[in-house]
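Residue numbering for the sequence shown follows this note's numbering, starting at 4 and increasing by one per position.
C-beta: ideal position from N, C-alpha, C; glycine also.
Since the model is a prediction, treat every value here as computed from it, not as a measurement.
One structure below.
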Amino acid sequence: MLTITLHDTATPALARLSSLVTSRGALAAGGRAMKGAIVQNLNRLGTNQRYSAASTGFYQRAAQSIAEPQTGHGSVTVSITQSGLRQRWLGGPIRPVSAKYLTIPAQEAAYGKRAADFPDLTLAFMGRSTTGLPIFALIEGTPSLTRKKNVLFWLVRSVEQEGNSDVLPDEDQLKSAFAGGVRDYLHVDISGGNGEAE
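Shown next, in the form of C-alpha cells:
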C-alpha cells in the first residue's frame with residue numbers, strides 16, 4: 004500500500020505575501036512612487052502656450068508642495084497644497100474676490116504679473132461686446148487719438164476656466180506607479196513568476 008500526503012505550504016506563503024502587500028511599508032512605497040510620478044508630471048509643465056512666455060514656476064512650486072504620502076487602513080493619500088492647482092486641473096468659474104474685475108494678460112509682457120506691477124496703467128473703454136456690454140482694458144500710458152493703445156490687460160467680471168487633465172497623471176499611470184513602488188518594496192520577480200518577499 005502506498006499513501007501520499009500533500010501538505011499545503013502555498014496558502015501560508017500567499018497569506019504572508021498578502022499581508023506584506025497591504026502593510027504600511029508597501030503602501031508607503033507605492034505612495035512614494037505615486038508622488039514621484041506626480042512630481043515628474045508637474046515639472047514637465049511650465050510654459051504658457053498662448054504667449055510662449057517663460058514659466059512663472061507655478062507647476063514647480065506645486066511639485067515642491069507635495070506632502071509625504073500618508074498611509075491608512077489599506078490606503079495611501081498623496082496631498083498637494085499648492086493653491087490654484089485644483090482649479091487648473093478641474094477648471095470652473097473664477098471671480099474677483101477683492102476687486103471688481105479680473106485682469107487677463109493681453110500680451111507676453113503681462114503674463115505672470117499683476118496690474119500693480121505696472122506703474123503707468125490707465126483704464127480705457129475699448130468698445131462694446133456683441134451683447135452690448137462695455138469692454139474695458141488697462142493700457143500703458145495715457146490714451147490719445149494719435150497713439151495706438153498698448154493693451155496690457157483685459158478686464159472681465161469672471162471667467163470659466165477649462166480644466167486641464169494633463170495637470171496630473173491619469174488613473175492608469177498612478178496605478179502603474181503605485182504597483183511599481185510596491186513591487187520594488189517586495190523585491191518580487193514578476194517575470195519569472197517566482198515571488199520572494201523580505
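So for residue i, helix, strand or coil by DSSP?
{"i": "Arg-131", "result": "strand"}
{"i": "Ala-180", "result": "helix"}
{"i": "Leu-136", "result": "coil"}
{"i": "Gly-28", "result": "helix"}
{"i": "Thr-149", "result": "Summary for Thr-149: the model assigns pLDDT 46, below 50, so the residue's position carries little reliability; its value from the coordinates is reported in the next sentence. Here Thr-149 sits in coil by DSSP."}
{"i": "Gln-164", "result": "strand"}
{"i": "Gly-115", "result": "coil"}
{"i": "Val-154", "result": "strand"}
{"i": "Leu-105", "result": "strand"}
{"i": "Val-159", "result": "strand"}
{"i": "Leu-124", "result": "strand"}
{"i": "Leu-141", "result": "strand"}
Rounded to whole angstroms, what is the Cα-Cα separation between residue i and residue j?
{"i": "Ala-36", "j": "Arg-98", "result": "36 Å"}
{"i": "Thr-106", "j": "Val-159", "result": "7 Å"}
{"i": "Ala-31", "j": "Gly-166", "result": "30 Å"}
{"i": "Gly-95", "j": "Leu-88", "result": "12 Å"}
{"i": "Gly-144", "j": "Arg-131", "result": "22 Å"}
{"i": "Asp-187", "j": "Val-79", "result": "17 Å"}
{"i": "Leu-93", "j": "Ser-82", "result": "16 Å"}
{"i": "Gly-34", "j": "Ala-112", "result": "40 Å"}
{"i": "Ser-26", "j": "Glu-163", "result": "43 Å"}
{"i": "Val-100", "j": "Gly-135", "result": "25 Å"}
{"i": "Phe-139", "j": "Ala-40", "result": "42 Å"}
{"i": "Pro-172", "j": "Ala-180", "result": "10 Å"}
{"i": "Gly-183", "j": "Thr-74", "result": "17 Å"}
{"i": "Ser-168", "j": "Leu-126", "result": "36 Å"}
{"i": "Leu-177", "j": "Thr-84", "result": "18 Å"}
Select from the options the residue whose C-alpha is nearest the C-alpha of residue i.
{"i": "Phe-128", "options": "Ala-32, Ala-113, Phe-156 and Arg-117", "result": "Phe-156"}
{"i": "Ile-142", "options": "Tyr-188, Lys-152 and Thr-133", "result": "Lys-152"}
{"i": "Asn-46", "options": "Lys-38, Tyr-62 and Gly-33", "result": "Tyr-62"}
{"i": "Ala-109", "options": "Val-170, Leu-177 and Val-154", "result": "Val-154"}
{"i": "Arg-3", "options": "Gly-77, His-76 and Gln-43", "result": "Because residue 3 is not part of the residues shown, which for the chain are 4 to 201, the question remains open."}
{"i": "Lys-116", "options": "Gly-60, Asp-175 and Asp-169", "result": "Gly-60"}
The alpha helix (DSSP H) that contains residue i, what's its start and end?
{"i": "Phe-61", "result": "61–67"}
{"i": "Gln-90", "result": "88–93"}
Over the uninterrupted beta strand (DSSP E) stretch that includes residue i, give me the two end residues.
{"i": "Gly-75", "result": "73–75"}
{"i": "Val-79", "result": "78–80"}
Taking 8 Å as the CB-CB cut-off, is residue i touching chain D?
{"i": "Val-154", "result": "Looking at the structure shown, chain D is missing, and only one protein chain is on hand."}
**OP:** Check whether the region 116–135 touches the region 62–78, taking contact to mean three or more Cβ pairs, one atom from each stretch, closer than 8 Å.
**Re:** A contact between stretches requires three or more CB pairs, one per stretch, nearer than 8 Å, and the region 116–135 fails this requirement with the region 62–78.
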